[in-house]
C-alpha cells in the first residue's frame, strides 16, 4: 500500500500536529509514500517546522510561488517542484489553511485527483459555489454528494465513509469532535438531546494580555458545533451556544445531557470511561480537588508520555455531574474540556487512512495505540 500525503498550511495550529501524528500512524500501518508540504515565504516558523519534519521523518518541499524558490534554496532546503507539482505528487491532501482560503487548494487537489480532507472550519457550501463559478473542474453528482455528506467522525462513521469512497471529506472541528465523543458515549443510555454552552478558547499568549478577562462575547444563537454533530448523530438534538472567552486554556463545555428515563451520574461515568479517546478526571482525589482547568491540564500531562510530544488528544470530562429529574427525563449537567490544537488530530489521521483504503476493523485501535491515546479514569484506570 502506498499513499503520498500532502499538507497545505503545514505549520498551522492543527496541521503541524496532524503531520507528526499522520507520519507515525502511516509508518505503523505499513503505508509507503512521501510526506509533501507546500510552502510560501521562508519565514522563521516555516523554516523551523521544515527542519523539524526533516529531522524526524524527511519531507518533500514544494513552493507555491516560483519567485520564492531561490529564497528557500539559500536556506539549504531542497525544493522538489512548484505548485502544480505538489498536487501531482500527492494522493491525499490535508487542507489546513485559515478559513476562506481553502478554495484554490481544494480546486487544485480535485483537479489532480487528490483525496481532499478539510478541517472543521471550512464552509463546504461556499466552496462548492466557488467551484461551480470557476468551472475549472467538472461538478459530478458524486462530488456534490461529498459536499453534502455528514461530517467525518471516524469513531462513528469510518466504515460508512470507507464504503462511499469519497473524493472529499470534512472532519469535525475541535468542539464538534468533543460533542461527538460525548454523544457516542452517552447514546447507549438513551441520550435524546445535548444543550448548553461552550466557553471557547479565544486567546493566545500574545493576544490575551490585550483583552480584559471579563470581556466575554456570548453567542446570540446556537452555533455550528451542535449542528455539525447533528449530521453524525441524527437521532440526537443539539442546541449549543458558543461564547468567546479570552483565555489560553482549552475550550470548556458546560452541557446538559438529556436522557429518556432514569440515568445516574455513575452510569454516565462508566460510559465515558469505556469510550475511546475520553478520559474521566475525578473531582475529588484523596481530599484534593481538581476544579481548575489549568490544574487539570498540569495533572493530566505530568504523567502522560507520548511518542512525539505531550499533546492532549483526549476529551477530558469531570465526574462532577449534577443530576436533575424532569418528568420522564433525566438531565445530567456536565463539564468537559476540549484541547483546540490537538483533539481533532486523530480524526484527521483517520481521514488519511480512509483515502488509503485501510480496513475499518482495526483503524481505531491502530490510531490510539500509535499515538498513545487513552480512555478510562485518571490516573490509574487508563488504557489505549
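Residue numbers (the numbering used here): 1 to 384.
All residues carry an ideal CB built from backbone N, CA and C; glycine is no exception.
Model, not experiment: these values are computed from the prediction.
Fill in: Rounded separation between residue 95 and residue 15 - CA only
The alpha-carbon atoms of residue 95 and residue 15 are separated by roughly 8 Å.
Worksheet item: Taking the continuous alpha helix (DSSP H) assigned at residue 175, which residues delimit it?
Response: Taken as a continuous stretch (DSSP letters only), the alpha helix (DSSP H) holding residue 175 covers 174-186.
Discussion item. Under 8 Å: do the region 322-329 and the region 346-354 share three or more Cβ pairs, one atom per stretch?
Written reply: Three or more beta-carbon pairs separated by less than 8 Å are not found between the region 322-329 and the region 346-354, which leaves the two stretches without contact.
Discussion item. Please return the same chain residues whose Cβ sits closer than 7 Å to the Cβ of residue 239, not counting the five positions on each side in sequence.
Written reply: Contacts found: 195, 222, 226.
Practice prompt. Would you mind reading off the limits of the beta strand (DSSP E) that contains residue 195?
Written response: Element bounds for residue 195: 191-201.
Discussion item. Rounded to whole angstroms, what is the Cα-Cα separation between residue 38 and residue 9?
Written reply: Roughly 7 Å between the two C-alpha positions.
Worksheet entry | Segment limits, alpha helix (DSSP H) that includes residue 349 | First-last of the alpha helix (DSSP H) with residue 349: 345-355.
Worksheet item: Excluding five sequence neighbours on each side, which residues of the same chain lie with their C-beta closer than 7 Å to the C-beta of residue 291?
Response: The residues are 283.
Practice prompt. Compare the C-alpha of residue 179 against each of 340, 374, 384, 379 and name the closest.
Written response: Residue 179 has its Cα closest to that of 340, out of 340, 374, 384, 379.
Worksheet item: So, is residue 362 buried or exposed, given that buried needs 16 or more other C-beta atoms within 10 angstroms?
Response: Looking at its Cβ environment, which holds fewer than 16 other Cβ atoms inside 10 Å, residue 362 is exposed.
Discussion item. Which residue wins for smallest C-alpha separation from residue 311, given the options 343, 118, 54?
Written reply: Among 343, 118, 54, the Cα nearest to that of residue 311 belongs to 343.
Practice prompt. Pick out whichever of 6, 274, 162 has its Cα sitting closest to the Cα of residue 315.
Written response: The residue from 6, 274, 162 with its alpha-carbon nearest to that of residue 315 is 274.
Worksheet item: Which of helix, strand or coil does DSSP assign to residue 296?
Response: Here residue 296 sits in helix by DSSP.
Worksheet item: Are there 16 or more other CB atoms within 10 angstroms of the CB of residue 375, so buried, or fewer, so exposed?
Response: Buried: at least 16 other Cβ atoms inside 10 Å.
Worksheet item: Buried or exposed: where does residue 198 fall if 16 or more other Cβ atoms within 10 Å of its Cβ makes it buried?
Response: With at least 16 other beta carbons inside 10 angstroms of its own, residue 198 counts as buried.
Worksheet item: With 16 as the cutoff for other CB atoms within 10 Å, does residue 139 come out buried or exposed?
Response: A residue is called buried once 16 or more other Cβ atoms fall within 10 Å of its Cβ, and residue 139, having fewer, is exposed.
Discussion item. Tell me which residue opens and which closes the alpha helix (DSSP H) that residue 386 is part of.
Written reply: Residue 386 falls outside the range modelled here, since the chain spans only 1 to 384, and no answer is possible.
Worksheet item: Would you call residue 3 buried or exposed, if buried means 16 or more other Cβ atoms sit within 10 Å of its Cβ?
Response: Its Cβ being crowded by 16 or more others within 10 Å, residue 3 is buried.
Practice prompt. Below 7 Å CB to CB, which residues in the same chain sit around residue 271 once its five sequence neighbours on both sides are set aside?
Written response: Counting only Cβ-Cβ distances below 7 Å, and skipping sequence neighbours, we find 185, 186, 188, 189.
Worksheet item: Which residue or residues does DSSP assign as beta-bridge partners of residue 152?
Response: Per DSSP, the beta bridge partners of residue 152 are 171.
Worksheet item: Going straight from the alpha carbon of residue 113 to that of residue 218, what length do you get?
Response: Those two C-alpha atoms are separated by around 42 Å.
Worksheet item: Between the C-alpha atoms of residue 133 and residue 359, what's the straight-line distance to the nearest angstrom?
Response: Approximately 37 Å, taken between the alpha carbons.
Fill in: Extent of the continuous beta strand (DSSP E) run through residue 333
Run containing residue 333: 329-338, per the beta strand (DSSP E) assignment.
Fill in: 4 or more residues per run - each alpha helix (DSSP H) lying fully within the region 68-102
Listed in chain order, they are 69-74, 83-89.
Item to complete: With a threshold of 16 other CB atoms inside 10 Å of the CB of residue 145, please say whether the residue is buried or exposed.
Response: Counting Cβ neighbours within 10 Å, residue 145 comes out exposed, since fewer than 16 surround it.
Fill in: Sequence-distant residues of its chain with Cβ nearer than 7 Å to residue 161 (five each side left out)
So the list reads 152, 169, 354, once near-sequence residues are dropped.
Practice prompt. Under 8 Å by Cβ, that's how I've got residue 261 and residue 328 pegged, so tell me the actual separation to the nearest angstrom.
Written response: With a Cβ gap of about 7 Å, residue 261 and residue 328 count as contacting.
Worksheet item: Between the region 17-30 and the region 62-71, are three or more C-beta pairs nearer than 8 Å?
Response: No: fewer than three Cβ pairs fall under 8 Å.
Practice prompt. Could you spell out where the alpha helix (DSSP H) holding residue 53 opens and where it closes?
Written response: Per DSSP, the continuous alpha helix (DSSP H) segment holding residue 53 begins and ends at 44-56.
Fill in: Beta-carbon proximity check, residue 281 vs residue 296, cutoff 7 Å
Their beta carbons are under 7 Å apart, which means residue 281 touches residue 296 by this criterion.
Discussion item. Check for me: the beta strand (DSSP E) holding residue 370 runs from which residue to which?
Written reply: Going by DSSP, residue 370 is part of no beta strand (DSSP E) but of the alpha helix (DSSP H) stretching over 363-371.
Worksheet item: The alpha helix (DSSP H) spanning residue 124 covers which residue range?
Response: Here the alpha helix (DSSP H) through residue 124 covers 124-134.
Practice prompt. Report yes if the CB atom of residue 228 is closer than 7 Å to the CB atom of residue 176, and no otherwise.
Written response: Yes, Cβ-Cβ distance for residue 228 and residue 176 is below 7 Å.
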